[in-house]
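Read the structure below first, then the notes.
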Amino acid sequence: MIQPLAYIHPQAKIANNVTIDPFVTIHNDVEIGEGTWIGSNATIMEGARIGKNCRIFPGAVISGIPQDLKFKGEKTQVVIGDNTTIRECVTINRGTSDHWRTEIGSNCLLMAYCHVAHDCVVGNNCIFSNNTTLAGHITIGDNVVLAGMVAIHQFCKVGSHSFVTGGSLVRKDVPPYIKAAREPLSYAGINSVGLRRRGFTEEKINEIQDIYRTLFVKNNNVSKAMEIIEADFRPTEERDEILNFINSSQRGIMKGFGNS
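The numbering used here puts the sequence shown at residues 6 to 265.
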């Protein structure tokens, strides 16, 4: 159902069963999937690709141009997966020529006043609490929880299944499966509660914990810890994901507690 007080550009592609409330503005070159709801006063700008059964709450602005002085008006996008909820006053900027799109996965929840800047890539099943801010070119893995008022520096990466506590300033990469806290941000254990909720066995959780004790607790530098992990831990999906994440880090990983 589309309310007559909404403005929809004639070239926008709106699927069946989309609900658009009064005073919504939808620009040209927008695609919205079946079953999605757009709340009053939301603005969907050029380049938005919104999946099925999403909920966009009042005041959200999707696919605004990047807040990047290098942006020259190139044709870029915001791509949002299915079943994702965007709460009040969230802003998601479209990409630049670096990545050409900003991506939000499926089954995500972005709470009120979050900001996702240009060229970010956010995985599936992520939760961003109120006022969380992502600068440009950030990569967030699947099943990541960012608590309220987290601020992440551009080009940082946050690994899958990790949890970052409220008010944190993220200046370095956060490896997968862990809790990050304190100032400066540092290791605060593995995200055992989240892992159990997602079906990880106790054996697997203990394996992940032992890997991170080697990396963050036993006073090894990163290079030495990597050598020990490769030598002493049998190859598993989780071990290899941790090693690959650290090996590919461009900004470096955050420190262990007490080594900051």
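For every residue, glycine included, the Cβ atom is placed at its ideal position computed from N, Cα and C.
Leaving aside the five residues before and after Thr-194 along the sequence, list all residues of the same chain whose C-beta is less than 6 angstroms from its C-beta, in chain order.
Contrary to the premise, residue 194 reads as Gly rather than Thr in this sequence. Excluding residues within five positions, the ones whose Cβ falls inside 6 angstroms are Lys-184.
Among Glu-79, Pro-63 and Val-179, which has the Cα closest to the Cα of Ile-70?
The shortest CA-to-CA distance from Ile-70 to any of Glu-79, Pro-63 and Val-179 is the one to Glu-79.
Drop a sphere of 10 angstroms on the beta-carbon of Asp-178, count the other beta-carbons inside from all chains shown, and report buried for 16 or more, exposed for fewer.
Asp-178 comes out buried.
Same chain, Cβ closer than 7 angstroms to Thr-96, five either side skipped, listed in chain order:
So the list reads Val-66, Gly-69 and His-120, once near-sequence residues are dropped.
For the stretch 126 to 138 against the stretch 155 to 175, do three or more pairs of beta-carbon atoms, one drawn from each stretch, fall closer than 8 angstroms, so that the two count as touching?
Taking 8 angstroms as the limit for Cβ pairs, the verdict is that the stretch 155 to 175 does touch the stretch 126 to 138.
From this set, Arg-201, Leu-200 and Pro-180, which residue's C-alpha is nearest Tyr-192's C-alpha?
With distances taken between Cα atoms, Tyr-192 lies closest to Pro-180.
Please confirm whether Ile-85 and Gly-56 have their CB atoms less than 8 angstroms apart.
Yes, these two residues count as a Cβ contact at 8 angstroms.
From Thr-24 to Glu-108, what does the alpha carbon distance come to, in whole angstroms?
Cα-Cα distance, rounded: 23 angstroms.
Helix, strand or coil at Arg-201 [DSSP, three-state]
Of the three classes helix, strand and coil, the one that applies to Arg-201 here is helix, per DSSP.
To which residues of the same chain is Asn-252 closer than 7 angstroms at the C-beta, ignoring the five residues directly before and after it?
Cβ neighbours of Asn-252 beyond the five flanking positions: none.
Using the DSSP secondary-structure output, state which residues sit across from Arg-239 in a beta bridge.
When DSSP reads this structure, Arg-239 sits in no beta bridge, so it has no partner.
Chain-order list of residues whose beta-carbon lies under 7 angstroms from that of Asp-245 (same chain, five-residue window excluded)
Closer than 7 angstroms at the Cβ level, and outside the excluded window around Asp-245, lies no residue.
Alpha carbon to alpha carbon, how far is Thr-206 from Val-198?
Taking the Cα positions, Thr-206 is about 11 angstroms away from Val-198.
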